[in-house]
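With the UniProt record's numbering, the residue at position 58 of the sequence shown is 58, and numbering never jumps.
Report on one structure; see the data block that follows.
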Amino acid sequence: TGHTLWPEVQYESYLRGVKALQKAFNVPTSHVKGHKEIAAPAGRKADPNFSMDEFRAAL
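Put into structure tokens, the structure is as follows:
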């Protein structure tokens, strides 16, 4: 929903999964986006409930 915090284990698993997809498909970190960044119209999605800038920095 964009309002519930993710448990740390889920966040870390998500990071590992995205890293694996990036490696498998040669996706640059700059192309990793959250729903809230690409949904139209703007503001329609609030998830994920964490900073995508921090998430990308961790990739």
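Think of the CB as a built atom: it goes at the ideal place given N, C-alpha and C, for glycine as much as any other residue.
Separation of residue j from residue i, as counted between CA atoms
i   : j   : result
P41 : S51 : 20 Å
L59 : A20 : 10 Å
H31 : P7  : 25 Å
G34 : L5  : 15 Å
F55 : Q22 : 14 Å
F25 : S13 : 18 Å
With 16 other Cβ atoms within 10 Å as the buried cut-off, status of residue i
i   : result
G17 : exposed
G43 : exposed
From the options, residue whose alpha carbon lies closest to that of residue i
i   : options         : result
E37 : L15, P48 and P7 : P48
Contact check, residue i vs residue j, beta carbons under 8 Å
i   : j  : result
S39 : H3 : A quick correction: the sequence has Ala, not Ser, at residue 39. Result no, Cβ atoms of A39 and H3 do not sit closer than 8 Å.
Where the alpha helix (DSSP H) through residue i begins and ends
i   : result
H35 : H35 to I38
V9  : E8 to F25
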